[in-house]
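Q: Sending over a structure as structure tokens; questions will come in a sec.
4 protein chains.
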Amino acid sequence: MSDVKKVVLAYSGGLDTSVIVKWLQETYNCEVVTFTADIGQGEEVEPARAKAQALGVKEIYIEDLREEFVRDYVYPMFRANTIYEGEYLLGTSIARPLIARRLIEIANQTGADAISHGATGKGNDQVRFELGAYALKPGVKVIAPWREWDLNSREKLMAYCAENDIPVDFNKKKKSPYSMDANLLHISYEGGILEDPWAEAEEDMWRWSVSPEAAPDTPTYVELTFAKGDIVAIDGTPMRPHEVLERLNTLGGDNGIGRLDIVENRYVGMKSRGCYETPGGSIMLRAHRAIESITLDREEAHLKDELMPKYAEVIYNGYWWSPERRMLQAAIDETQHNVSGVVRMKLYKGNAIVVGRKSEQSLFDESIATFEDDAGAYDQKDAEGFIKLNALRLRIAAGKGRKQD
Amino acid sequence: MSDVKKVVLAYSGGLDTSVIVKWLQETYNCEVVTFTADIGQGEEVEPARAKAQALGVKEIYIEDLREEFVRDYVYPMFRANTIYEGEYLLGTSIARPLIARRLIEIANQTGADAISHGATGKGNDQVRFELGAYALKPGVKVIAPWREWDLNSREKLMAYCAENDIPVDFNKKKKSPYSMDANLLHISYEGGILEDPWAEAEEDMWRWSVSPEAAPDTPTYVELTFAKGDIVAIDGTPMRPHEVLERLNTLGGDNGIGRLDIVENRYVGMKSRGCYETPGGSIMLRAHRAIESITLDREEAHLKDELMPKYAEVIYNGYWWSPERRMLQAAIDETQHNVSGVVRMKLYKGNAIVVGRKSEQSLFDESIATFEDDAGAYDQKDAEGFIKLNALRLRIAAGKGRKQD
Amino acid sequence: MSDVKKVVLAYSGGLDTSVIVKWLQETYNCEVVTFTADIGQGEEVEPARAKAQALGVKEIYIEDLREEFVRDYVYPMFRANTIYEGEYLLGTSIARPLIARRLIEIANQTGADAISHGATGKGNDQVRFELGAYALKPGVKVIAPWREWDLNSREKLMAYCAENDIPVDFNKKKKSPYSMDANLLHISYEGGILEDPWAEAEEDMWRWSVSPEAAPDTPTYVELTFAKGDIVAIDGTPMRPHEVLERLNTLGGDNGIGRLDIVENRYVGMKSRGCYETPGGSIMLRAHRAIESITLDREEAHLKDELMPKYAEVIYNGYWWSPERRMLQAAIDETQHNVSGVVRMKLYKGNAIVVGRKSEQSLFDESIATFEDDAGAYDQKDAEGFIKLNALRLRIAAGKGRKQD
Amino acid sequence: MSDVKKVVLAYSGGLDTSVIVKWLQETYNCEVVTFTADIGQGEEVEPARAKAQALGVKEIYIEDLREEFVRDYVYPMFRANTIYEGEYLLGTSIARPLIARRLIEIANQTGADAISHGATGKGNDQVRFELGAYALKPGVKVIAPWREWDLNSREKLMAYCAENDIPVDFNKKKKSPYSMDANLLHISYEGGILEDPWAEAEEDMWRWSVSPEAAPDTPTYVELTFAKGDIVAIDGTPMRPHEVLERLNTLGGDNGIGRLDIVENRYVGMKSRGCYETPGGSIMLRAHRAIESITLDREEAHLKDELMPKYAEVIYNGYWWSPERRMLQAAIDETQHNVSGVVRMKLYKGNAIVVGRKSEQSLFDESIATFEDDAGAYDQKDAEGFIKLNALRLRIAAGKGRKQD
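One line per chain: the protein sequences are A, B, C and D, in this order.
Take any residue in the first sequence, count from 1 to its spot, add 669: that is its number in the working numbering.
Take any residue in the second sequence, count from 1 to its spot, add 669: that is its number in the working numbering.
Take any residue in the third sequence, count from 1 to its spot, add 669: that is its number in the working numbering.
Take any residue in the fourth sequence, count from 1 to its spot, add 669: that is its number in the working numbering.
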């Protein structure tokens, strides 16, 4: 274990990763570089500096990655209307590739030969961090303390803190019964009573949204402007990507939108219960489908829907930095050139309802679709030949006595 | 046109199909058999008898197909979590194969050589009726009056009624500005102001549900029992399939659940705006995903998700009676043997929220998933090898200098 | 029918399209522009000029499109290893989009308001020509004489020629019993005794290749150099795309390679028997797979294979000029950046055998794959964790008593 | 390691697995049960009995599984026209699930708590054996000596034999430079000079087939009778499944058919070069496609082609005993009810050429497909409407100015 000289750690500033700093220093007798990013998790990142310094860290990276996160990861993912297993908007999954990339870039800058993270050995995040790291720097050493050490209970961790003078008030807030993760796209909850899939989540667990019951009694209307598949303005005001998501989080959270309670299949082979709040993302998803509904061709829309589950799986499993993700992204992005226009939504007590959509690139043709006289835009007699030839193979089969049920 | 001797007509008892009775009799100089089915559209079907008799029809079929409709069409479709274009629950599409089948069976029973329907030449329903008919009776003649006649305005229709003594009060209700279709699964609205996709639907259009605003201020909880993928009991009370859907429609409609407003891509090549109310179906879909979340294996769940858009397209386009639908159904049904258990839902002002799920067939293993000590059920060290080998191809590529972004 | 002023006809110079020239002039009282292209069909195109002039045509387009055909249509298609229904290399399908595009461009240049072609109403080619035309010029009028006129027998055609002074020796060769189509990629045969799928094709039908029996007794070796998915040199000699295919056709044809005898499913709903000779294409396909085998990542290779049948169907059905084809092409082309290197093949009596492949972009890593000592490049112990976690879901299911067969 | 009481070993009777017997006895101090199966590898299995006895084994299972292998594994796989990565017929992959199942059944019969195999830690076979074992007996212990011991060179193995009195003449034949595996479906070669993908395989490597050059100068014709997707007779003689494959191996091998030389992507993340001889399988694949070409509906055929790569991957990766394989199999088998009839093939110097196909379930309709007068079976005018409506979405898009290239 003595061959690691310097390791870059994804450092939150919390108790667990502070323990990891110390443990890495002792176990590997190596220098630790900390990397702390603001990706919209809702906590100050600057305090991590003093904590890292107190632990003897000399190279400290603290960065605001909110815009990059939304622009280069969240937005491309939403172009595909991505949902994992019919429900989950991939809030945790999509943040990992960015962290992995910065860890490796900092390793390259600081001459580190290893990276480390605080994810456990049971979850998906270890996979996502490490696949990203290996894809970007194939010879990197990855240290996953939770898979190596024996501090596998709260008591042992506390004892380690006492022995090593790690101030336990690092963990200022009352310890939540849940394991949580947050970024601009969502906050997640696992563990505690959620480990019983029959138990309803408690109201005081949720942090980002009011309950539908507590939401205002009057709806909020909002207009979202899309350009090439991405939201670029809200109610006519141009915004940068992370500003869009922050604003939608506020609007959604205020209206009780975006709560989710599911059992999902982890890549490592087990099922797990998770609760998520994705207020802005939930609005964005429906709005994106709505603007696509008038601007996408039918067949490309259907093909996107067929590819989406695969694309979601690729991201969920941690393969953002892979040729298959790039291949799928190329197909998805090819379809978004004309996905521009405005969607009008009504937000009310948990509901994000599309009430209007318009676009200069609209393929909706009122003159053809109308129930009124279409002045010859569509010849109904064409339908007969269309049906006849589409039916031909079925008729031949039936004529040969093939069973039809 | 004189070669048709007897035609079976899908007869609603309304003005349009009454005109068709007369028009068929005159144009083809043939006998007309009427077929009227109760598939839960919410209107009495028995009055159609007198109307048909008044038009000189001798063979009149009036049937209650509600149970068959839900059991053999709606339920199999929901096993696949079927959604068309990310939003539409296929309420109209799924009723057509049943009507087509009965039209053909009655044609065979009555010795008719043709069938007829009242669908227009612009829509999907003509395709669905006719593909079904041709698949089940390849030599049948199909008569689609809306594609043939010149009664293509309300004025001409009325004039025809006057000339032919068709009582216009057949159409008792005030003429709705919308084209509507209803069955146990949903009611749909098209036309009128909906032809402008930017215009919000008016509140008084909706017939089956209260608005979320008007729904009760306290939630309703309900427990749905599944057996092999289908709901068989509500709150512990066993019910037949159509009773389940009727009950869920009531529960959903009372709580403002199941409204949808979309622009969809028709098989005949145009986009159209539609509004739908699917109260029970919207509950059923989420509940089915929830019971699957604990009883389905991950890979079969993902494969179902990949096949679903194709399956939805097959049904939407009218190919229920096709080998490809049977092939997909075989795959889907193979996965449902263990999809049994109970889902608990909270219904509140437009929200159908899963709050609990349990099953004797559950694959959720708390002893493995737990954040607490798992007593060796899962060896975290296995994760290292898992990640290393999954990363191998990416590392080799990176080692050869392949770009990763 | 009098509203057509000028029509551009895909003119082969043969009897049938010569009749069409006259028929269009008479039926539509319009001016006819002829367009004749050399796409490698193996017949001189220049003689079409005099024939068209003799028919009174004033605007005559004769073009050599061989390079464009291979570069912009054949090559992109082969990047996907495209095969329709497991066998057919799409030789006819891929030529149609180019013809459609030129017909429309010439219509735009000459101010024509219509295009016309000599394809029958039963085949796929009418669909391919017309979908392309409509996609490129939505308001164009398409005239398909074979669907309109009554010259539906050889006798009637001959009578028409006699009446209209069309020299029958236009058709110089002895009339073949087969309907044939040729371009640089292939020659096809339909009709005649092939209409019985049990009947073996006669040896004297085949025109482009010797039989395996008649091929040389010694093999020919050839080295094909790929750059980004396309062949750019043969045996070290750089060549332009059409030169590559011409050379491979010679090599393949001489060695009895590329004959195919199948029953295929037409888009218009029927099955048809076709025989094809695709000498160069058959070599190219195997070579492309071989170079991909060492340069493509596994997951992108597998995803390509999953998308290929859809891509083949899109092309076969005539949707080259569609958003779904562009979307698929974007995904395919994204994978080809590193598909460069050399494939060595042995050609012998019908066999095109890959015997070697090498590339500077190769992902084959001998140091890892070796059965000998790999000096630690691969840690076999990683395999245990890899298998254990991949098995976890199966073990949980089995532990719960799920049946496994 | 002392907790293993009895282990069932997949025992070939060769040197390596004989060493494993001894190593297991010593390392785990446990009883070893040997299992040796005839799956058509072409070597006697009975001699394994004496060898096992000499090693002190008391429970010895020697079984002829040839019929079961072909009937329950090879045939179901061929119903899907299964090919991995465009080339490989999965000869090794498909034998593993059967071995895994018997190992577990014997473990259950003999009260063994572990199984063992001789596959290395770099290959796919360890994964296939172990995934199968875990799926069928979730608590089983798997011992993979090649991942555990230090006998990782030929010298160490020989030293171990000397120390433990294992007669080295167990390995009677001259040691081949290749790693080989054989069963009724194929024989494979890896290693040696094949580790250079540019090197051509040597002629004397191949064991099951003559070279095309050495094959007879006159072709062999054969007629294969299919029933529900499987071959049941050759040249009119009914045969059991393994007899069919044995006969086709002889016919193919005699005519130089079925050699393959590829680089493939292993599940464990590396590329490897392999050569394969699959004489009977190569004939069977083309014949099955041919009988499907006249008996399958177009859309089910296309859907099969889209699912095939996934199905091949599932088998290649070792997931035969998985819900996703059963799901895919259900879809595939659903399509085979009518895949019956006769295919006539010509075998000649490496070529397996389909020359005729017929079936009472044929969907080929000569009266419709004919180039001659079809007496109204097909109305060419239907094609116009078919094309027009299929083009509608493209025309609308073009009309709105969307780019088409």
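Backbone N, C-alpha and C define an ideal beta-carbon position, used for all residues, glycine too.
Could you say which of B:Met953, B:Val796 and B:Ala788 lies nearest to Val743 (chain B) if we only look at CA atoms?
A: The shortest Cα separation from Val743 (chain B) among B:Met953, B:Val796 and B:Ala788 belongs to B:Met953.
Q: Whose C-alpha, out of C:Ile773, C:Leu1032, C:Gly801 and C:Ala719, is nearest the C-alpha of Met939 (chain D)?
A: Nearest option by C-alpha distance: C:Leu1032.
Q: Examine chain B for any beta-carbon lying closer than 8 Å to the beta-carbon of Gln1030 (chain A), and answer yes or no.
A: No, Gln1030 (chain A) does not count as interfacial toward chain B.
Q: Straight-line CA distance for Asn793 (chain C) to Glu968 (chain B)?
A: About 38 Å.
Q: Glu869 (chain C): which of C:Leu976, C:Val932 and C:Ala1021 sits nearest, CA to CA?
A: Selected option, being the one with the closest Cα: C:Val932.
Q: Who are the neighbours of Asn1007 (chain B) on chain C, taking C-beta pairs under 8 Å?
A: By Cβ distance, chain C contributes Arg1071.
Q: Would you kindly work out how many angstroms separate the C-alpha atoms of Ser880 (chain C) and Val796 (chain A), rounded to a whole number?
A: Rounded to the nearest angstrom, the two C-alpha atoms are 55 Å apart.
Q: Under three-state DSSP, which class holds Asp974 (chain C)?
A: Helix, per DSSP.
Q: How close, in whole Å, do the beta carbons of Val739 (chain C) and Val701 (chain C) come, if the pair is a contact with beta carbons under 8 Å?
A: Going by Cβ atoms, the distance from Val739 (chain C) to Val701 (chain C) rounds to 29 Å, so no, they are not a contact pair.
Q: Just how far apart, CA to CA, sit Ile1037 (chain D) and Ser848 (chain C)?
A: Rounded to whole angstroms, Ile1037 (chain D) to Ser848 (chain C) spans 16 Å at the Cα level.
Q: Identify the contact partners of Ala1066 (chain D) in chain A, using a Cβ-Cβ distance below 8 Å as the criterion.
A: Per Cβ cutoff of 8 Å: Asp966 and Leu1032.
Q: With distance defined between alpha-carbon atoms, name the residue in B:Glu1035, B:Gly760 and B:Gly682 nearest to Leu914 (chain B).
A: With distances taken between Cα atoms, Leu914 (chain B) lies closest to B:Gly760.
Q: Could you tell me which uninterrupted beta strand (DSSP E) segments, each at least 3 residues in length, are contained entirely in the region 736 to 785 of chain C, listed from first to last along the chain?
A: If we require 3 residues or more, the beta strand (DSSP E) runs fully inside the region 736 to 785 of chain C come out as 783 to 785.
Q: With burial defined as no fewer than 16 other Cβ atoms inside 10 Å of the residue's Cβ, what is the status of Asn924 (chain B): buried or exposed?
A: By the neighbour-count rule (16 or more Cβ atoms within 10 Å), Asn924 (chain B) is buried.
Q: May I have the straight-line CA-CA distance separating Ile1065 (chain B) from Asp966 (chain C), to the nearest angstrom?
A: Rounded to the nearest angstrom, the two C-alpha atoms are 10 Å apart.
Q: Can you give the Cα-Cα distance for Gly683 (chain C) and Ala851 (chain C), rounded to whole angstroms?
A: So the two alpha carbons sit approximately 14 Å from each other.
Q: Would Met670 (chain D) count as contacting chain B if we go by Cβ distances under 8 Å?
A: Because Met670 (chain D) carries a pLDDT of 49, less than 50, the predicted location of this residue cannot be relied on, and the following value inherits that uncertainty. No, Met670 (chain D) lies away from the interface with chain B (no Cβ there is under 8 Å from its Cβ).
Q: When the Cα atoms are used, what is the spatial distance from Phe1055 (chain B) to Val983 (chain A)?
A: Looking at the two C-alpha atoms, the distance is approximately 16 Å.
Q: Do Leu920 (chain C) and Leu800 (chain C) come within 8 Å of each other at the CB atom, strictly closer than that value?
A: Against a cut-off of 8 Å, the Cβ pair of Leu920 (chain C) and Leu800 (chain C) comes out as no contact.
Q: For a contact meaning CB atoms closer than 9 Å, what does Gly925 (chain C) contact in chain A?
A: Result: empty, since nearest Cβ-Cβ is about 35 Å, beyond 9 Å.
Q: So, with DSSP's three-state summary, where would you put Cys944 (chain A)?
A: DSSP places Cys944 (chain A) in strand when its eight states are reduced to three.
Q: Rounding to the nearest angstrom, what Cα-Cα distance links Ile768 (chain D) and Gly790 (chain B) in this structure?
A: Going from the Cα of Ile768 (chain D) to the Cα of Gly790 (chain B) covers about 59 Å.
Q: Listed from N- to C-terminal order along the chain, which residues in the region 757 to 773 of chain C have their beta-carbon within a distance smaller than 9 Å of any beta-carbon of chain D?
A: Answer in chain order: Arg770.
Q: With distances taken from CA atoms, which of B:Arg770, B:Leu820 and B:Asn750 is nearest Leu805 (chain B)?
A: Out of B:Arg770, B:Leu820 and B:Asn750, B:Arg770 has the C-alpha closest to the C-alpha of Leu805 (chain B).
Q: Cutting at 7 Å between CB atoms, please list the residues of its own chain near Val1008 (chain D), excluding the five before and the five after it.
A: Correct list, in chain order: Phe895, Lys897, Gly898, Ile960, Glu961, Thr964 and Leu965.
Q: Any contact of the region 719 to 738 of chain A with the region 702 to 709 of chain A, i.e. 3+ C-beta pairs under 8 Å?
A: Taking 8 Å as the limit for Cβ pairs, the verdict is that the region 702 to 709 of chain A does touch the region 719 to 738 of chain A.
Q: So Leu1063 (chain C) and Tyr803 (chain D) are supposed to be a Cβ contact under 8 Å. How far apart are they, rounded?
A: Correct: roughly 6 Å between the Cβ atoms.
Q: Taking 8 Å as the cut-off, decide whether the C-beta atoms of Ile1001 (chain A) and Arg765 (chain A) are in contact.
A: Not closer than 8 Å, so no.
Q: With respect to the alpha helix (DSSP H) encompassing Lys1027 (chain A), which residues constitute its N-terminal and C-terminal limits?
A: Note, Lys1027 (chain A): premise wrong, no alpha helix (DSSP H); beta strand (DSSP E) at Asn1020 to Lys1027.
Q: Is the shortest distance between the beta-carbon of Phe1040 (chain B) and the beta-carbons of chain C less than 8 Å?
A: Answer no: the Cβ-Cβ gap between Phe1040 (chain B) and chain C never drops below 8 Å.
Q: Using 8 Å as the limit for Cβ to Cβ distance, is Trp867 (chain B) near chain A?
A: For Trp867 (chain B), the answer is yes, since a Cβ of chain A falls inside 8 Å of its Cβ.
Q: Of all the CB atoms in chain A, is at least one closer than 8 Å to the CB of Val937 (chain C)?
A: Yes, its Cβ sits closer than 8 Å to a Cβ of chain A.
Q: For Pro814 (chain D) and Val1023 (chain C), what's the separation of their Cα atoms in angstroms?
A: Near 36 Å, if we compare the C-alpha coordinates of Val1023 (chain C) and Pro814 (chain D).
Q: Rounded to whole angstroms, what is the Cα-Cα separation between Ala1044 (chain B) and Cys830 (chain D)?
A: When rounded, the distance between both Cα atoms is 40 Å.
Q: What span of residues does the alpha helix (DSSP H) with Met996 (chain A) cover, start to end?
A: Element bounds for Met996 (chain A): Pro992 to Glu1003.
Q: With 9 Å as the limit, tell me which residues of the region 959 to 990 of chain C have their beta carbon closer than that to any beta carbon of chain B; keep them in chain order.
A: Cβ contacts with chain B: Asp966, Arg967 and Glu968.
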